[in-house]
Amino acid sequence: MPASDPTGGRPVDPSRGALRPLGLAEARVTGGFWADRQRVNGDATLDHARTWMEKVGWIGNFARGDAAGPVERRGREFSDSEVYKLVEAMSWETGRRPDPARTREIDELVATIGAAQEPDGYLNTAFGRPGQQPRYSDLASGHELYCAGHLLQAAVAHTRVHGPGELLRIARRVADQVCATFGPAGNPGICGHPEIETALVELFRLTGERRYLDQAALFVDRRGHQSLPPHQFGWSYYSDDVPVRSATVLRGHAVRALYLACGAVDVAVETGDDDLLRAVAGQFDRTLARRTYLTGGMGSRYADEAFGDDFVLPADRAYSESCAGVAAVMLAWRLLLATGEDRYADVIERILYNVVATAIDDDGRAFFYAHSLHQRTPTRALPEDEEQLGFGGGPRAPWFEVSCCLPNVARLLASLGTYLAAADGDGLRVLQYADALIDTRLADGRRVALAVRTGYPDSGTVTVRVDATDGGVWPLTLRVPAWARGATVEVDGVSRPAPEGRLTVRRDFAAGDEVRLHLPMAPRFTFPDPRIDAVRGCVAVERGPVVYCAESTSDEPVGDLDMVRVDPGRPPHDDADRVAVWARLATPAPRAWPYGEAAATADETPLAPLRLLPYHRWARRGPATMRVWLPTTTDAR
Ligand SMILES: [Zn+2]
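Residue 266 in my numbering sits at position 249 of the sequence shown; the count goes up by one each step and never skips.
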């Protein structure tokens, strides 16, 4: 194992697959939409999360206590995992942007974490200490292996960026203890919340220690046999209802299902189990086709944070947890690397612009847990020093009792550069569009350096310039998003239509050569599948990869958004920095009973332009109501 990964490291590093991911040092966001968010993440969110984790005691939980007795543990049973995710985010951030002070901060946190490790490697602040439940006495909801998984992922990130150190030593002892306890001849249990599976595979990829992969495969195979206790929401809540390779769709708690699917793909890739890979890919396909919001958000049931049945996708009860967005990016990325299929990059783009970009406030110090697509009552202002107990609706809150989402988004943003491009066969594929510098080596060792310039997603023009190349013919491939009908590509001043999915320019590139992609960015109506009853008769507006919404605030009141009716016969159009549709307000006559033999009569205002804004911009201008899906004037009321 090298001192640190010379590529700068990446979250997922499979040994085989259609694409080879790049490391943080090989692909950097240099400006624009995502650079802004990475800067806020590094400058504000990480410190914000650290401060809160100190304040609510989650970091202090690692203290061993002193002569006065053991420390009183605070927070939920899984709070250790949030500290680990923060360390992971900080680790990627120091790889993206070296910072000695941050590196020292990580070392201090690692020392704090390490002090809580038991002599046999076990590490969890909620179990096994005096006055606490015994270890592994509540696998269904104790989250011990889930927490261990996040520790392993933090160690992988830290090691790839900084080289092997104390955190890796801690993590290997944790993993060894897990393998010793849950190996083939040991405890046959599984954790109620998957996560350890994908983490063990990545630790195997880092260390080459085969038993970590074997243990992950064992955990994947053990799931789905109803070995966990019955749950009020059924065994599907923790994906323990059907074996992974027999399931047809993701179900139950969305984050659990998605993390498990990530682990199953990782196991499938490393063991050459193509049946398992196909099974998970099929489940994800069906989930995308029937159980996913327009934003790419997943999960439509609050009570169990779960996927609903097919087409149960109510806008005003969209759960769409930020963590499920991150987890779906993780799964789509693994499937993209394994298969090379462009549509997974489209999925990642959709989630990034409409869930991840929506999650965090402009100052980086407040966030959404759930992502409603229809806010009927105005959001309210929240005090900056108040922890929120609930998850739902707006506005973004500085902290929640369960704050899984903030460090999860933070670790994704810090490592976002690694999702921009990948090596394929003998060439290079640009997968996401941002101002970026890409500097890597092709499969045969030749160096290629590219500069990507774009105003994306405001502008659809993407210029990829070859800055350096060792010469010889190689293919440069650019993704053509599925929404970009009519895209063109320009090479040497000659323009031609871009094919669907991706375009490849294969030539003996010279420094200074440019390939320019033009993606049509006219706003467009999007219509839902008629089986999604909750939004039947509605339209949404998208522009490029960005979903739009109507928002009513005190500074820009639109009226009652429940009354909006959009004319679907007149296409949406650009309006200064916004997008506008033609709409009227239809006010039904008051009735004592909201049902009747005839449709309600309504007073209607004349059609007028209604200005929409990107969904990711909502709830940033004070208390607001909002909706993504807009009823139409042709809708039978
Ligand atoms: Zn979360």
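Glycine residues also receive a C-beta, built at the ideal position from the N, C-alpha and C atoms.
Specify the secondary structure class of residue i as computed by DSSP and reduced to three states.
i: V563; result: strand
i: P55; result: At residue 55 the sequence reads Gln, which differs from the Pro that was named. Three-state result, Q55: helix.
i: I213; result: helix
i: H248; result: coil
i: F50; result: helix
i: W69; result: helix
i: G145; result: coil
i: I207; result: coil
i: G586; result: coil
i: T650; result: coil
i: G40; result: coil
i: C340; result: helix
i: L629; result: strand
i: E517; result: coil
i: Q656; result: This structure gives no information on residue 656, because the portion of the chain shown stretches from 18 to 654.
i: S21; result: coil
i: A323; result: strand
i: S263; result: coil
i: C422; result: helix
i: H179; result: helix
i: Q150; result: coil
i: W635; result: coil
Going by beta-carbon coordinates alone, are residue i and residue j separated by less than 7 Å?
i: L185; j: A172; result: yes
i: G241; j: V218; result: no
i: A383; j: L36; result: no
i: R222; j: D441; result: no
i: A285; j: L294; result: yes
i: V490; j: V508; result: no
i: V556; j: L647; result: yes
i: L624; j: D594; result: no
i: A528; j: A485; result: yes
i: G138; j: R93; result: no
i: R280; j: T215; result: For clarity, residue 280 is Gly in the given sequence; the question names Arg instead. Yes, they are a contact pair.
i: Y632; j: N371; result: yes
i: Y255; j: L267; result: no
i: T435; j: L63; result: no
i: E212; j: G159; result: no
i: G381; j: A174; result: no
i: A344; j: L275; result: yes
i: E559; j: R541; result: yes
i: A453; j: V46; result: yes
i: R164; j: S98; result: In the sequence as displayed, the identity of residue 164 is Cys instead of Arg. Yes, they are a contact pair.
i: H270; j: A335; result: no
i: A501; j: T570; result: no
i: R628; j: D592; result: yes
i: R369; j: A44; result: It should be noted that the sequence gives Leu, not Arg, for residue 369. Against a cut-off of 7 Å, the Cβ pair of A44 and L369 comes out as no contact.
i: R177; j: G34; result: no
i: E401; j: P424; result: no
i: G180; j: S432; result: no
i: L140; j: Q134; result: yes
i: P331; j: A636; result: no
i: A355; j: Q300; result: no
Using 8 Å for Cβ pairs, my map puts residue i next to residue j. What's the rounded Cβ distance?
i: C208; j: C340; result: At roughly 16 Å, the Cβ-Cβ gap does not stay under 8 Å, so C208 and C340 are not in contact.
i: R114; j: G59; result: 6 Å
i: D321; j: F250; result: 4 Å
i: A539; j: M643; result: Incorrect: roughly 23 Å between the Cβ atoms, too far for contact.
i: E621; j: A603; result: 5 Å
i: L534; j: V479; result: 4 Å
i: T129; j: F199; result: Not confirmed; about 26 Å, so no contact.
i: L536; j: P498; result: 7 Å
i: R548; j: F328; result: 4 Å
i: R230; j: L169; result: The sequence shown places Leu at residue 230, rather than the Arg named in the question. Contact doesn't hold; Cβ gap of about 13 Å is too wide.
i: A143; j: R228; result: About 26 Å; that fails the 8 Å criterion.
i: V483; j: L495; result: So it is not a contact: roughly 13 Å between Cβ atoms.
Any beta-carbon of chain C closer than 7 Å to the one on residue i?
i: D231; result: Any reference to chain C falls outside this structure, which holds one protein chain only.
Mind checking whether the beta-carbon of residue i lies closer than 6 Å to any heavy atom of ligand 3?
i: C279; result: This structure simply doesn't include ligand 3; it includes ligand 1 instead.
- request: Pair every Cβ in the stretch 398-415 with every Cβ in the stretch 344-363, then say whether three or more of these pairs are closer than 8 Å.
  value: No, because fewer than three Cβ pairs between the stretch 398-415 and the stretch 344-363 fall closer than 8 Å, the two stretches do not touch.
field: Segment contact flag, the stretch 64-71 with the stretch 99-110, C-beta cutoff 8 Å, min 3 pairs
entry: Using a C-beta cut-off of 8 Å, the stretch 64-71 makes contact with the stretch 99-110, since at least three inter-stretch Cβ pairs fall below that distance.
query: Is there contact between the stretch 332-339 and the stretch 383-398, where contact requires at least three CB pairs shorter than 8 Å?
result: Touching, yes.
- prompt: Given 8 Å as the limit, is there contact between the stretch 360-372 and the stretch 446-462, that is, 3 or more CB pairs closer than that?
  reply: Counting Cβ pairs under 8 Å, three or more are found: they touch.
task: Please confirm if the stretch 396-406 is in contact with the stretch 309-316, defined as three or more CB-CB distances below 8 Å between the two stretches.
output: No, the stretch 396-406 is not in contact with the stretch 309-316.
message: Count Cβ pairs between the stretch 513-522 and the stretch 453-463 that sit closer than 8 Å; are there 3 or more?
response: The stretch 513-522 is not in contact with the stretch 453-463.
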